[in-house]
Amino acid sequence: MTDVLRNDFGTVQQAAFRPWKPWRNGLLAAASWGTAAAVTYLLPDVINWNATGLFATIVAGIALLLLALAFVVPLSDKRTKTLQHYGPWLVAIGVWFAVWELLTAKLGWLPKPFFSPPQGLLNVYITDWERLLVCVGYTARLWSLGFFSGIAVGFVAGVALGWSKSFAYWGMPVLKLIGPVPASAWIPCTFFIFPSTFQASIFLVALASGIPVAILTAAGVGQVNRAYYDVARTLGASTSYLIFKVAVPASLPNVFVGLFMALYYSFAVLVVAEMLGAKFGLGWYLQFNTAYSAYANVYAALIIMALICAGLVRLLFVLRDRLLNWQKGIL
Amino acid sequence: MALAFSSTEDRNRNLQLEIDGVSHRYDLGDRTLPVLDDVSISVKPGEFVALLGPSGCGKSTLLRLAAGLEQPSQGSLSEDGTPITNPDPDRILVFQDATLFPWLTVRKNIASGLDARGVLKEQQHRVDELLKLVKLEGFADAYPHQLSGGMAQRVAIARALVNDPKLLLLDEPFGKLDSLTRLTMQKELLQLWKQTGFTALLVTHDVEEALLLADRVIVFSDRPARIVAEVNVAKPHPRKRDDSDLLDLRRSLLEQLGVSHDV
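Protein chains in written order, with this note's numbering: chain A, 184 to 514; chain B, 41 to 303.
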């Protein structure tokens, strides 16, 4: 008994002494993905979806891969930690595919065109990937121009509002008034002010991302502990030192909250921004296909958008952890 | 010229502080709160003066005035004959809370004064000297939240001393430390004062601390603070806590503060 316990705490001998067991969640995941593949392949579709066979093959392939992993993972405990962490999710996704497949393609309870089975989305990716790729490119251009100009202006405005009383006197009420205005309400103005619809679209994205950054930066700068300024002043700091080396770093945690909000708002506003005479772009793609009731295309584009957004959020987290590593242990 | 200064060449940088008839009140909107009442103190170059009084009596305000962070409502303060109108790295204030910049490492916190004055490049070596002086070489790259209270306060003192201040204003710097750490820190402060020769003005409500460190103890009344007594402590360092003369002084100071001697 004691020997077994001790072995559980040892690291090197662990693999050698412990009875070898396959990765349980891996097996379960292989089973759930296998079921999804079987359901897709063996049961007939209510109406014909082009990519059913391909989807079943892919899912079956992943099921086999998971099965193989279930036996490999226990041999490499350390390196596959992330994979093991997401084990339960892998199982759930397999179940989700099986249920989704049954409810849409096999039983028809969730009918076309409002719902689409997974192979419907796969079919969109296969048949329309070129257009989707172009759309991603267009959206990336619009989003990055809008987002980065927006957060840059928002940050500078926020620092000014938080630092200067007269800026705050005039700026804060204006910011509070325009903050809640929905993006679509700006369209008439932007059409008049901006020479091209593309610039108007950039403005809408910039506005959506700039406002939360400005508000939170201003709040952050305003909340900086006065004692830091006193210390810096007795150490001989100039006003610019007080702003850039005290106020800005001290308010950075707030700025990042604003950046996360900006990221979500900027994605939400893309659809509206691409209403303005855009010829490509994910937002445009969503509207175009909604108008034609091609909901499979809509879902396919939504998934791409969601993945890109999640990727950017992840990137922002990495950046935040790097810049705010002095907070570790405080948070 | 003061900026190019290096402490290794020239010890005993200090100044004469004149506080002349200073009264101060805070405007609280509907009323004014008088905190200092006609305070005059003359601090000789290199002298260590302790300001003793009940908490919240206005001693800290006097330090803020001496630092140049605020202007007195009445009266004047001067350093070596020049009126004090602005904060200046020659006069540095160390607060009760270490108030380290949490986003900077220990090394960068200590260097912040040099950085603010744009002399960091030439004086980088001073940062290392100070790290050694306050015995924190091993923590140069730690962040403030990783430090204990005593270590943080040592960093705060190093951050002040790296600028070679002529006047060090200490606002109950050990007030929040545990009693054992406080004893060590008092000894260390005394050593630093002897080594570098700055003029020191220490605000405290700890009678023993005042007697142990200062050449002269000035006793303040409750708010608005007035000077009620002044005691010269003509004892050479190192002083013993249980020295009979100091115990006598302690008793009389406690009486001045309105605390009976059997406390």
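Using N, Cα and C, we set each Cβ at its ideal position, and we do this for glycine too.
Note that the structure is a prediction, hence the values are computed from the model and not measured.
- Message: Residues of the region 347 to 376 of chain A in Cβ contact with chain B at a cutoff of 9 Å, in chain order, please.
- Response: none
- Message: Which residues of the region 409 to 427 of chain A have a Cβ closer than 8 Å to any Cβ of chain B? Give them in chain order.
- Response: 410, 411, 413, 414, 415, 416, 417, 418, 419, 420, 421, 424
- Message: I need the boundaries of the alpha helix (DSSP H) containing residue 500 of chain A, first residue and last residue.
- Response: The count along the first sequence starts at 1 and reaches residue 500 of chain A at position 317. Note, residue 500 of chain A: alpha helix (DSSP H), 478 to 506.
- Alpha-carbon spacing of residue 449 of chain A relative to residue 393 of chain A, whole angstroms: Position 266 of the first sequence, counted from the first residue, corresponds to residue 449 of chain A. Position 210 of the first sequence, counted from the first residue, corresponds to residue 393 of chain A. If I take the Cα positions, the gap works out to 9 Å.
- Item | CB contact below 7 Å: residue 66 of chain B versus chain A | Position 26 of the second sequence, counted from the first residue, corresponds to residue 66 of chain B. Not an interface residue.
- Message: Just checking: is the beta-carbon of residue 509 of chain A within a distance shorter than 7 Å of some beta-carbon in chain B?
- Response: As a working mapping, residue 509 of chain A is identified with position 326 in the first sequence. So, interface residue.
- What residues from chain B crowd round residue 433 of chain A, counting only those whose CB sits closer than 9 Å? Counting from one through the first sequence, the residue named residue 433 of chain A turns up at place 250. Those are 141, 142, 143, listed as they occur along chain B.
- Under the three-state reduction of DSSP, which class applies to residue 187 of chain A: helix, strand or coil? Reading the first sequence from its first residue, position 4 is the one you call residue 187 of chain A. Confidence at residue 187 of chain A is low in this model, with a pLDDT of 43, below 50, so its placement is unreliable and the value that follows should be read with caution. Correct three-state label for residue 187 of chain A: helix.
- Message: Is residue 153 of chain B close to chain A? Criterion is C-beta to C-beta, closer than 7 Å.
- Response: For the purposes of this step, residue 153 of chain B is taken as the residue at position 113 of the second sequence. Yes, residue 153 of chain B counts as interfacial toward chain A.
- Task: Using a Cβ cut-off of 7 Å (strictly closer), state whether residue 170 of chain B contacts chain A.
- Result: For the purposes of this step, residue 170 of chain B is identified with residue 130 of the second sequence, where counting begins at 1. Chain A contact via Cβ: absent.
- Verify the CB distance criterion: does residue 129 of chain B have a CB-CB separation below 7 Å to chain A? Counted from its first residue, the second sequence places residue 129 of chain B at position 89. Output row for residue 129 of chain B: interface = yes.
- Among B/63, B/159, B/56, the one whose alpha carbon lies nearest that of residue 118 of chain B: The count along the second sequence starts at 1 and reaches residue 118 of chain B at position 78. Out of B/63, B/159, B/56, B/56 has the C-alpha closest to the C-alpha of residue 118 of chain B.
- From which residue to which residue does the alpha helix (DSSP H) around residue 356 of chain A run? Along the first sequence, read from residue 1 onward, the residue named residue 356 of chain A stands at position 173. Per DSSP, residue 356 of chain A belongs to the alpha helix (DSSP H) from 348 to 361.
- Message: Suppose you measure from the CA of residue 289 of chain A to the CA of residue 186 of chain B; what does that come to, to the nearest Å?
- Response: Along the first sequence, one-based indexing puts residue 289 of chain A at 106. Along the second sequence, one-based indexing puts residue 186 of chain B at 146. Cα to Cα, the separation comes out at about 60 Å.
- Message: Which residue wins for smallest C-alpha separation from residue 295 of chain B, given the options B/279, B/273, B/261, B/282?
- Response: Along the second sequence, one-based indexing puts residue 295 of chain B at 255. Closest option to residue 295 of chain B, Cα to Cα, is B/261.
- Message: Do residue 369 of chain A and residue 426 of chain A count as a contact pair if the criterion is CB distance below 7 Å?
- Response: For the purposes of this step, residue 426 of chain A is identified with residue 243 of the first sequence, where counting begins at 1. For the purposes of this step, residue 369 of chain A is identified with residue 186 of the first sequence, where counting begins at 1. No.
- Query: Considering only residues of the same chain and omitting the five flanking positions on each side of residue 466 of chain A, which have a CB-CB separation below 7 Å?
  - Reply: In the first sequence, residue 466 of chain A corresponds to position 283, counting from 1. Taken in chain order, the residues that qualify are 322, 453, 454, 456, 457.
- Answer yes or no: does any C-beta atom of chain A fall closer than 7 Å to that of residue 157 of chain B? In the second sequence, the residue the question calls residue 157 of chain B occupies position 117. For residue 157 of chain B, the answer is yes, since a Cβ of chain A falls inside 7 Å of its Cβ.
- Name, please, each residue of chain A whose Cβ falls closer than 9 Å to the Cβ of residue 12 of chain B. Here chain B has residues from 41 to 303 only, and residue 12 of chain B is not among them.
- Message: Taking the straight line between their C-alpha atoms, what separation do you get for residue 88 of chain B and residue 149 of chain B?
- Response: One-based indexing of the second sequence puts residue 88 of chain B at position 48. One-based indexing of the second sequence puts residue 149 of chain B at position 109. Using only the alpha carbons, I get a separation of about 26 Å.
- Message: Along the chain, where does the beta strand (DSSP E) containing residue 60 of chain B start, and where does it finish?
- Response: Indexing the second sequence from 1 puts residue 60 of chain B at position 20. Run containing residue 60 of chain B: 57 to 67, per the beta strand (DSSP E) assignment.
- Message: Taking the beta strand (DSSP E) that residue 270 of chain B belongs to, which residues open and close that run?
- Response: Here residue 270 of chain B corresponds to residue number 230 of the second sequence, with the count starting at 1. It spans 267 to 272 - the beta strand (DSSP E) in which residue 270 of chain B sits, taken as one unbroken run.
- Nearest to residue 124 of chain B by alpha carbon, out of B/199, B/60, B/66, B/85? Along the second sequence, read from residue 1 onward, the residue named residue 124 of chain B stands at position 84. Minimum Cα distance to residue 124 of chain B is reached at B/60.
- Message: Suppose the cutoff is 7 Å on Cβ atoms and the five residues either side in sequence are ignored; what does the same chain contact list for residue 499 of chain A look like?
- Response: One-based indexing of the first sequence puts residue 499 of chain A at position 316. So the qualifying residues of the chain are 442, 443, 446.
- Query: What residues match up with residue 263 of chain A in a beta bridge as DSSP calls it?
  - Reply: The residue labelled residue 263 of chain A in the question sits at position 80 within the first sequence. Its beta-bridge partners do not exist; DSSP assigns none.
- Query: Is the beta carbon of residue 205 of chain A sitting closer than 7 Å to the one on residue 253 of chain A?
  - Reply: On the first sequence, position 22 is the one that residue 205 of chain A refers to. On the first sequence, position 70 is the one that residue 253 of chain A refers to. Going by C-beta atoms, residue 205 of chain A is nearer than 7 Å to residue 253 of chain A.
- Query: At a Cβ threshold of 7 Å, is residue 210 of chain B touching chain A?
  - Reply: What you label residue 210 of chain B is simply residue 170 of the second sequence in a count that begins at 1. By this cut-off, residue 210 of chain B is not an interface position.
- Message: Taking 7 Å as the threshold (beta carbon to beta carbon), is residue 132 of chain B in contact with chain A?
- Response: As a position in the second sequence, residue 132 of chain B is number 92, starting the count at 1. Chain A, which has a Cβ nearer than 7 Å to the Cβ of residue 132 of chain B, makes this yes.
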